[in-house]
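The sequence shown begins at 2 in our numbering and counts up by one. Note that the Cβ used here is the ideal one computed from N, Cα and C, for glycine as well. Bear in mind the structure is a predicted one, so any value in this text is a computation, not a measurement.
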Amino acid sequence: MLQASHRLCARRDIEQVFKKGVVFHTRYVTVRVFFSLFPHSRGTVVVSNKISKKAVVRNRIKRWLRPVMRDVFSLCPKSMDMIISAKSPAVESDARVLRESVFFACKKMGVL
């Protein structure tokens, strides 16, 4: 779990990231980043019902992606709001592949 201060949960903040953030798509995830003025980075993981109808599968993907987000926050010197959205192929992948995919997207966007 992310600390409460590092969670992005307000609807208007999430909409701001979707509208104004930088986007990078990989095969397994879509990463959206919006550099903010907050003193620390915040983020959330989105796994749609389109990915899987089973909550067990969706929650497993979220459990895999949250520590990756925490690692990105610890490596990035700037404060930002980040949304990681899982795609359908994430169901067949494992935690290592998702981690590599998120780090690849962050490097391409210039976050890391």
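### Query
What number of angstroms, rounded off, separates the C-alpha of Arg61 from the C-alpha of Val34?
23 Å
### Contiguous beta strand (DSSP E) assignments of at least 3 residues, all confined to the region 46 to 91
81 to 87
#### Entry: For Leu66 and Leu99, believed in contact at Cβ under 8 Å, the rounded distance
6 Å
### Task
Whole angstroms is fine: what's the gap from Lys63's alpha carbon to Met110's?
22 Å
### Message
Measuring only the C-alpha atoms, how far is Ser89 from Ser53?
### Response
8 Å
#### Entry: Identity of the residues DSSP links to Phe36 by a beta bridge
Met81
#### Entry: Identity of the residue in Thr27, Leu9 and Leu3 nearest Phe105 by Cα
Thr27
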